[in-house]
Amino acid sequence: MTVLEQPGAYRLAPPPAWRPRLDPAPLLPDAEPHRLLGTGAKLDAGLLRELYGELVRGRRYNEQATALTKQGRLAVYPSSTGQEASQVAAALALEERDWLFPSYRDTLAAVARGLDPVEVLSLLRGDWHSGYDPRATRVAPLCTPLATQLPHAVGLAHAARLQGDDVVALAMVGDGGTSEGDFHEALNFAAVWQAPVVFLVQNNGFAISVPLAKQTAAPSLAHKAVGYGMPGRLVDGNDAPAVHQVLSEAVARARAGGGPTLVEAVTYRVEAHTNADDATRYRTDDEVAAWRAHDPVALLERELRERGLLDEEGVREAARAAEDMAAKLRERMNADAELRPADLFDHVFARDTARLREQAERLRAELEAEAEAGTGTDTAGTGSEGGDAR
Ligand SMILES: Cc1ncc(C[n+]2csc(CCOP(=O)(O)OP(=O)(O)O)c2C)c(N)n1
Ligand SMILES: [Mg+2]
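Quick note: UniProt numbering has the sequence shown finishing at residue 390, numbered continuously throughout.
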């Protein structure tokens, strides 16, 4: 008897409860990215001002962190200049009890959530830990392996719901990350379980040097939601109030038991992938200039001025606050971190292995020999140059 002949082994017809969704445009995302700036929409003045202050601060944070890589104070920095609105407005749509699952590029989202700007840079400085307490801050460590933060977010959100906690998880990923198996698994589970998760794809045009067209044949990344059975939303990622509105709606929907949403924020990575990348090798200056003309900070500033909510003094005040943050960041990052190289081995496994002990011993002997010879390795890790977020 073959497997197919075994009674009940295979159902040759779909199970009786299954039926396709027959509505003509099931769950299709917005045809055009959702926009609010320049449309005359009714918007909350307090929110607009808050977004502006955070965007200006975020831009300055990116500049300062990039400068710190050149001074050897930071191993690597993936700048999100051009993406400030997507990151900040999304983070501000969360309640304090919610969770954020960021990628390596989402430093501004973490800072906008109120995290210590120096602690947010710990991993990028080369430390072995995330710098902040994920449980206390409800921000998972910045995640470098692409898309692995997504199933974590789904697991946390599902568990919270089973426990009766009123918590939503915001999981952030790049356009390139959508090609990962983890993206598929996370979205599938989230939809089947109706987990309270919002997936935010920041489509910044590139996965390092690979443009989106070489990454997907889908009409948009938001369309991928259809196949999982969740709503897909498309938003102008450089329009801070629009991002805030779309994210707030998705968060409210998840909190009310309506399940997950996939949001694609269309934006652009104005700087190189990291300080270790040369973006002129794979894109033109004209393309970058076109996106600079659609700058999220400038767009919001223009809107605030037109509404009479911002004047020269307001602009100077926001710049002063950002400068103050940057000066403190510089000062604190200039202090040598006290690092014990042996820490590297302490948290790899619950019980260490012979191989790990051997490696630890080799490093110890190497450092001891260097110390004796007086050649001294820079154990503070401040002399590192380059590296990238791979
Ligand atoms: C699982 C995995 N594969 C490959 C990499 C190497 N890598 C680091 S960043 C990156 C590009 C990611 O692009 P995208 O998801 O669009 O995010 P962006 O950097 O544009 O924010 C790649 C391939 C990685 N970090 N993890
Ligand atoms: Mg990208």
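Note that CB positions come from ideal geometry on N, CA and C, so glycine has one too.
Residue 303 and residue 287 have their C-alpha atoms roughly 24 angstroms apart.
With a cutoff of 8 angstroms on beta-carbon distance, residue 172 and residue 231 are scored as not near each other.
Taking the Cα of residue 192 as reference, the smallest distance to any Cα among 68, 223 and 158 is reached at 158. Taking a contact as a CB-CB distance under 8 angstroms, the pair residue 109 and residue 100 counts as one, their CB atoms being some 6 angstroms apart. Selection 96, 374, 294 and 345 evaluated against residue 362 yields 345 as nearest (Cα-Cα). Taking C-beta separations shorter than 7 angstroms and ignoring five residues to either side along the sequence, the partners of residue 116 in its chain run 132, following chain order. For residue 204, there is no enclosing beta strand (DSSP E), as DSSP marks it with neither H nor E. Spatial neighbours of residue 81 in its own chain (CB-CB distance under 7 angstroms, excluding positions within 5 residues in sequence) are listed in chain order as 59, 62, 270 and 271. In the three-state reduction of the DSSP assignment, residue 172 falls in the strand class. Under the 10 Å beta carbon count, residue 164 is surrounded by fewer than 16 other beta carbons and is classified as exposed. Here the alpha carbon of residue 68 sits roughly 8 angstroms from the alpha carbon of residue 333.
Relative to ligand 1, the nearest heavy atom lies less than 7 angstroms away from the CB of residue 173. Judged by pairs of C-beta atoms under 8 angstroms, the segment 250 to 265 touches the segment 196 to 212, as three or more such pairs exist. Residue 149 has its Cβ no nearer than 7 angstroms to any heavy atom of ligand 1. Per DSSP, reduced to three states, the secondary structure at residue 211 is strand. Proximity of the beta carbon of residue 206 to ligand 2 is indicated: a heavy atom of the ligand is located closer than 7 angstroms. A Cβ-Cβ distance of about 5 angstroms is found for the pair residue 263 and residue 233, placing them in contact under the 8 angstroms criterion. Bridge partners of residue 262 according to DSSP: 199 and 232.
At least one heavy atom of ligand 1 is found less than 7 angstroms from the C-beta of residue 202.
Not one heavy atom of ligand 1 is found less than 7 angstroms from the C-beta of residue 184. Closest by C-alpha distance to residue 70, out of 373, 330 and 338, is 330.
Check the Cα spacing between residue 39 and each of 316, 357, 236 and 325: the tightest is with 236. Pairwise C-beta distances place the segment 175 to 190 in contact with the segment 207 to 221, as three or more of them are shorter than 8 angstroms. Here DSSP, grouped into helix, strand and coil, assigns residue 79 to coil. Per DSSP, the unbroken beta strand (DSSP E) holding residue 101 starts and ends at 99 to 101.
Excluding five sequence positions before and after residue 355, none of the CB atoms of its chain fall closer than 7 angstroms to its own CB.
For residue 176, the CB falls within less than 7 angstroms of some heavy atom of ligand 1. Comparing C-alpha distances from residue 86 to each of 46, 246, 27 and 223 shows the shortest one belongs to 246.
At least 8 angstroms separates the beta-carbon of residue 104 from that of residue 148. In the structure shown, residue 158 falls within a helical segment according to DSSP collapsed to helix, strand and coil. In this structure, residue 169 sits near residue 98, with a CB-CB distance shorter than 8 angstroms. Residue pairing by DSSP leaves residue 244 without any beta bridge partner. Remark: C-beta atoms of residue 89 and residue 240 approach each other more closely than 8 angstroms. In terms of side-chain proximity, the C-beta atom of residue 145 is found nearer than 7 angstroms to a non-hydrogen atom of ligand 1. Look at residue 269: its beta carbon is less than 7 angstroms from one of the heavy atoms in ligand 2. In the three-state reduction of the DSSP assignment, residue 184 falls in the helix class.
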